[in-house]
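For reference, the structure is listed below as structure tokens.
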Amino acid sequence: MLTADLIRPRLGWGRGKVWTRPLGVRDERTLKMAADLTALYRDHVGRKRGELEEALSDYEGESLDYPVIRGLAKTLSDGCCFASQPPLEPGALREHLFLRAAERGPLVAHPDLLHRTTRDQVIAEAAAELDLTTQTIEESLYADLNEEQVLQETPQLSPRELIERYNLELARGLLYWASEMRIFVGDGYKDVFKFIKLFKLMHTIREARDAGGEPFGFAQGRPGRMGGYEITLDGPISPFVQATIRYGRQMAKFLPALLLCRNWKMEADIHIPSPPGMRDAQKGPLLYRLDPRSGLRSHYQASGPFDSKLEEDFAAEFEAKYRRAKRQWELRREDEIIPLGDTVMIPDFSFTHIKDGRRALLEIVGFWHPNYLKRKFEKLRQAGRKDLIVLIYEGVKCSQEDLAEVSGEALFFKNKPVLKRVLEAVERCAV
Amino acid sequence: MNQDKQCRFHGGTLVLEELDRAASVPRCFQWVKGKWRCPALHYPEIQPWLREQDIADTVPRWKRLKLASADDRQPHDYQQEALRAWFEARGRGSIVLPTGAGKTFVALQAITHLGRSSLVVAPTIDLLHQWYTRLMDGLQEETGQKLEVGVWYGLEKELRPITVTTYHSAGDLVAEVGNTFKLLVFDEVHHLPAPAWREIALMSPAPHRLGLTATYPETNPNDQTPMSQQPAPGWDLAPHQRSLEELIGPVVYVKNIDELTGRQLAEYRTERIRVDLTLKERAAYDAEHAVYAAYYREHKLRESYGPGWWGEYTRRSAYDAEARRAKVAERRLKRIVANAQGKLEKLESLLKEHARQRVLIFTAHNDLAYRISRRHLIPAITHQTRAAERKAILEGFRSGSYQAIVTSRVLNEGVDVPEAKVALVLGGTASAREYIQRLGRILRKQGNKTALLYEIIVRGTIEEGISYRRRRKVEYKVREDADC
Chain A
0 MLTADLIRPR
10 LGWGRGKVWT
20 RPLGVRDERT
30 LKMAADLTAL
40 YRDHVGRKRG
50 ELEEALSDYE
60 GESLDYPVIR
70 GLAKTLSDGC
80 CFASQPPLEP
90 GALREHLFLR
100 AAERGPLVAH
110 PDLLHRTTRD
120 QVIAEAAAEL
130 DLTTQTIEES
140 LYADLNEEQV
150 LQETPQLSPR
160 ELIERYNLEL
170 ARGLLYWASE
180 MRIFVGDGYK
190 DVFKFIKLFK
200 LMHTIREARD
210 AGGEPFGFAQ
220 GRPGRMGGYE
230 ITLDGPISPF
240 VQATIRYGRQ
250 MAKFLPALLL
260 CRNWKMEADI
270 HIPSPPGMRD
280 AQKGPLLYRL
290 DPRSGLRSHY
300 QASGPFDSKL
310 EEDFAAEFEA
320 KYRRAKRQWE
330 LRREDEIIPL
340 GDTVMIPDFS
350 FTHIKDGRRA
360 LLEIVGFWHP
370 NYLKRKFEKL
380 RQAGRKDLIV
390 LIYEGVKCSQ
400 EDLAEVSGEA
410 LFFKNKPVLK
420 RVLEAVERCA
430 V
Chain B
0 MNQDKQCRFH
10 GGTLVLEELD
20 RAASVPRCFQ
30 WVKGKWRCPA
40 LHYPEIQPWL
50 REQDIADTVP
60 RWKRLKLASA
70 DDRQPHDYQQ
80 EALRAWFEAR
90 GRGSIVLPTG
100 AGKTFVALQA
110 ITHLGRSSLV
120 VAPTIDLLHQ
130 WYTRLMDGLQ
140 EETGQKLEVG
150 VWYGLEKELR
160 PITVTTYHSA
170 GDLVAEVGNT
180 FKLLVFDEVH
190 HLPAPAWREI
200 ALMSPAPHRL
210 GLTATYPETN
220 PNDQTPMSQQ
230 PAPGWDLAPH
240 QRSLEELIGP
250 VVYVKNIDEL
260 TGRQLAEYRT
270 ERIRVDLTLK
280 ERAAYDAEHA
290 VYAAYYREHK
300 LRESYGPGWW
310 GEYTRRSAYD
320 AEARRAKVAE
330 RRLKRIVANA
340 QGKLEKLESL
350 LKEHARQRVL
360 IFTAHNDLAY
370 RISRRHLIPA
380 ITHQTRAAER
390 KAILEGFRSG
400 SYQAIVTSRV
410 LNEGVDVPEA
420 KVALVLGGTA
430 SAREYIQRLG
440 RILRKQGNKT
450 ALLYEIIVRG
460 TIEEGISYRR
470 RRKVEYKVRE
480 DADC
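Protein chains in written order, with numbering that gives the first Met the number 0: chain A, 0 to 430; chain B, 0 to 483.
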């Protein structure tokens, strides 16, 4: 992660807004720097971190581009693996050697009558005793220091990829100082919530309606449920304190997950701390905005369209059987979120009537661990939605009691669901 | 289905499960994102209510510890009074004692008597290390077994029933596992009101809290001495209205400085030794210095900006090629001075001269500290040294197993090394605080022996100016103290 001194020089602000100044992925000078640095790192595989840092300092020289050079280098370093495997545990060796040296009085470079022992003598004695060469002793002595660690592996990034990654790190760097993040998403809900949960963020969700009166004003497409969602992200203590940046790091981690969506926007309240010894430059938060045009690339992996073969088969069969004129309902994957207090439920499929727009939701329950089922039924109960249909495998162990409080319809099936019956249920439940 | 009402700890808050919006709850709770929630700080207040309502309380995860003191020292009367006052206030509140009056010892006693998992929060990593040592040495299991103490900061993260952390790391720790500690000890508690730090106290359910300081904030809780680290994140935000009293409890005990005599400090003597650069070093230094000095002279920075010229010069070096060149030259010349061969030669002769005394060597940078360590085979302590090794080195120094140790300014704040008779300063910043602390360290509780501080500076370099500024600040400080 980039440090504050590497982020600050790449920021611009004014009129209550703040932005980063990303590097151009086609700018030749920048590409050359990125290429030089990746090559420099590659050349230092097998060498000490201290040497690498020396080389970076030489490369930087008197260049005014030093914030960029250091930022690119930091981005590379964060992906590197450094390690050392000294033949002796350095801490134990130090203790052994230093205690022995202390017994001999101050060790000197220029021996005299009173001070006869040189450090080389002590090293030589220890080497003889431990049956090692003096060189091994010298090398092991501080092998655990950062600068003595050996570069094992560098990230495999092309110059362009390095610049893209740097630009992402810059954006994330700004988010370290975020007190609240508001996002709009129009797809990819499952991944979004997977990462919200993973990074222990808390959310408030509401449907994005028309483009008119909403504070965001960027809901696109059809109004209502299909318009996407606005989600506010913060953390547990946020409501009880004035803007805390305690969760900024988690928001920064979350950002690449947001980039996995196709249709998204983000704004965050940023509180840039003043540099040490400087007076506060800003009063109140600055607004930081991003959208797909910002050109940021995610390095997270999007999950596939389906979680299970059951779901995939269901969708395939539906598409095959109900074509063209026969189609009354449009099947969509995970396009609606049901908020449940501090969590959400995202049903597997939705059916939307092609003519009148009525909708029903479908959740498929396959073979799962009992605890998972317990949570699932608890969620279904909480959802309390009459337009939610549950398809349950007969192999699944659940009792009528489990289903008693589920307000929608439950259908059981043996091997695969009978589509006709499902559509009958959709017809009954859709609103 | 079995839907039990429950109160649980989550991210520094208390959450009521299975209580809906219509439920009547204590006033500290807010309806947030579909749940009743309040800062964990309120835990002791709501406990009776939880019992009354038969709400399962899964908050406390702290442990009972059977501790005994491993410290033979007899507490001073004022230490016992302070402890009594704190327990009478149901184990909440701050104790104000002057520096050097044994605040740590009071905390150790509090932890021992309470016998529950405790978290100590220290302002700096240096002080964290000192607490670690004091806790390891001062506490033991009732059975006489050694007690392992945990440390939690950037370099090392190991959680134990008794753990030491820093203000910087405590927030995340408390948000995650705040309910595993029944007592929080805040060292230098006057730092706590800063917005980001205050959240530590807010997010903990610990019913017992002990604040320690020599300088309790008088009126304005936001007017504090800056910490050595970066300003607290969120420092610039408007203060949230929660005073130290709310977060920790009232001041339960105060002892002023004049009530304790300053006898503990010994006499000391400072000797400044000038060494020369080698011819080669001098040539390199002069070349770099010419570039550096030419810049601020040609641009009349001192004349135009007065004392703020340095800030202006640094600001310019971010976009002006000439200023940047000067900055790089300045960095190089400082390196030449810091690593001057003459210092190492002088160091060797001083080590010979004081071969029978404990010597503490200070350097401005890690690399010189490690060079000296390798050259004389003496232990080094830097910010890369882990808690256990650091403790072992200082113990070895105290017991006399080591005659000398070298350190790069990490022993800065009030770290006890009472056995040092001689301190050698090989460089450092002009910061007065650092200088005073270095002095104070070797002088602490010295009996009647005179301690010695050598400052080795390179003749005809910027170091002479730094040393001068450093001393001038000290005199200033002493005068200020005399005025009080």
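Glycine included, C-beta positions come from ideal geometry on N, C-alpha and C.
In whole angstroms, what separates the C-alpha of residue i from that of residue j?
i, j, result
"ALA174 of chain B", "GLU198 of chain B", "9 Å"
"GLU333 of chain A", "LEU422 of chain A", "18 Å"
"ARG427 of chain A", "VAL405 of chain A", "16 Å"
"ILE45 of chain B", "PRO204 of chain B", "11 Å"
"ARG387 of chain B", "LEU113 of chain B", "In the sequence under discussion, the amino acid at residue 387 of chain B is Ala, which differs from the Arg named in the question. Their Cα atoms are separated by approximately 26 Å."
"ARG324 of chain B", "SER293 of chain A", "35 Å"
"ILE204 of chain A", "THR231 of chain A", "6 Å"
"LEU112 of chain A", "TRP130 of chain B", "43 Å"
"ALA100 of chain B", "TYR304 of chain B", "44 Å"
"LEU243 of chain B", "PRO21 of chain A", "43 Å"
"LYS415 of chain A", "ILE388 of chain A", "15 Å"
"PHE28 of chain B", "PHE86 of chain B", "28 Å"
"LEU36 of chain A", "ALA322 of chain B", "25 Å"
"LEU425 of chain B", "TYR312 of chain B", "27 Å"
"GLU280 of chain B", "TYR295 of chain B", "23 Å"
"VAL290 of chain B", "ASN365 of chain B", "26 Å"
For residue i, count neighbouring C-beta atoms within 10 Å of its own C-beta (all shown protein chains included) and say buried if the count is 16 or more, exposed if not.
i, result
"THR19 of chain A", "buried"
"GLY340 of chain A", "exposed"
"LEU146 of chain B", "buried"
"GLU287 of chain B", "buried"
"GLN78 of chain B", "buried"
"PRO369 of chain A", "exposed"
"LYS326 of chain B", "buried"
"PHE431 of chain A", "Because chain A is modelled from 0 through 430, residue 431 of chain A falls outside the range shown and cannot be assessed."
"ASN178 of chain B", "buried"
"ARG171 of chain A", "buried"
"GLY464 of chain B", "exposed"
"ARG261 of chain A", "exposed"
"TRP309 of chain B", "exposed"
"GLU27 of chain A", "exposed"
"LEU278 of chain B", "exposed"
"TRP328 of chain A", "buried"
"ALA282 of chain B", "exposed"
Could you name the residues of chain A that residue i contacts, counting a contact when the two beta carbons are closer than 7 Å?
i, result
"LEU376 of chain B", "LEU96, PHE97, ALA100, LEU106, ARG118 and VAL121"
"GLY170 of chain B", "ARG245"
Mind pulling the chain A residues with CB within less than 8 Å of residue i?
i, result
"PRO194 of chain B", "VAL240, GLN241 and THR243"
"MET135 of chain B", "In chain order: nothing, as chain A lies at least about 17 Å away."
Name the chain B residues whose beta carbon is nearer than 8 Å to that of residue i?
i, result
"LYS199 of chain A", "GLY10"
"GLU61 of chain A", "ALA320, ARG323, ARG324 and VAL327"
"GLY203 of chain A", "The identity of residue 203 of chain A in the sequence shown is Thr, whereas the question assumes Gly. In chain order: LYS32."
"ILE236 of chain A", "GLY10, GLY11, THR12, PRO38, ALA174, GLU198, LEU201 and MET202"
For residue i, write down the residues that DSSP places opposite it in a beta bridge.
i, result
"ASP56 of chain B", "B:CYS6"
"ASP268 of chain A", "A:GLU179 and A:LEU286"
"PRO338 of chain A", "A:VAL343"
The ligand GDP and residue i: does any heavy atom of the ligand fall closer than 7 Å to the residue's C-beta?
i, result
"GLU302 of chain B", "Ligands are entirely absent from the displayed structure, and the ligand GDP is therefore not among its contents."
Applying a beta-carbon distance threshold of less than 7 Å, which residues of chain B neighbour residue i?
i, result
"GLY90 of chain A", "GLU388"
"ILE162 of chain A", "Here the premise fails: no neighbours, minimum Cβ distance about 21 Å."
Can you pull the chain A residues whose beta carbon is under 9 Å from the beta carbon of residue i, in chain order?
i, result
"ARG373 of chain B", "ARG118, GLU137, LEU140 and TYR141"
Going along the segment 336-351 of chain A in order, which residues come within less than 7 Å of chain B, judged by CB to CB distance? GLY340 and ASP341
To be precise: take each residue of the segment 140-152 of chain A, compare its Cβ to all Cβ atoms of chain B, and keep it if any distance is under 9 Å. Which residues remain? LEU140, TYR141, ASP143, LEU144, ASN145 and GLU146
Please list the residues of the segment 345-358 of chain B that have a C-beta atom closer than 8 Å to any C-beta atom in chain A, keeping them in chain order. GLU347, LEU350, LYS351 and ALA354
Interface positions of the segment 309-337 of chain B facing chain A (Cβ-Cβ less than 7 Å), listed along the chain: ALA317, TYR318, ALA320, ARG323, ARG324 and VAL327
Using a Cβ-Cβ cut-off of less than 9 Å, give me the residues of the segment 194-208 of chain B that come near chain A, in sequence order. PRO194, ALA195, ARG197, GLU198, LEU201 and MET202
According to a CB-to-CB cut-off of less than 8 Å, which residues of the segment 25-40 of chain B neighbour chain A? GLN29, VAL31, LYS32, GLY33, LYS34, ARG36, CYS37 and PRO38
The segment 53-64 of chain B: which residues have C-beta closer than 9 Å to a C-beta of chain A, in chain order? none
Scan the segment 388-407 of chain B for residues whose Cβ lies nearer than 8 Å to a Cβ of chain A and list them as they occur along the chain. GLU388, ALA391, GLY395, SER400, TYR401, GLN402 and ALA403
The segment 4-27 of chain A: which residues have C-beta closer than 8 Å to a C-beta of chain B, in chain order? PRO8
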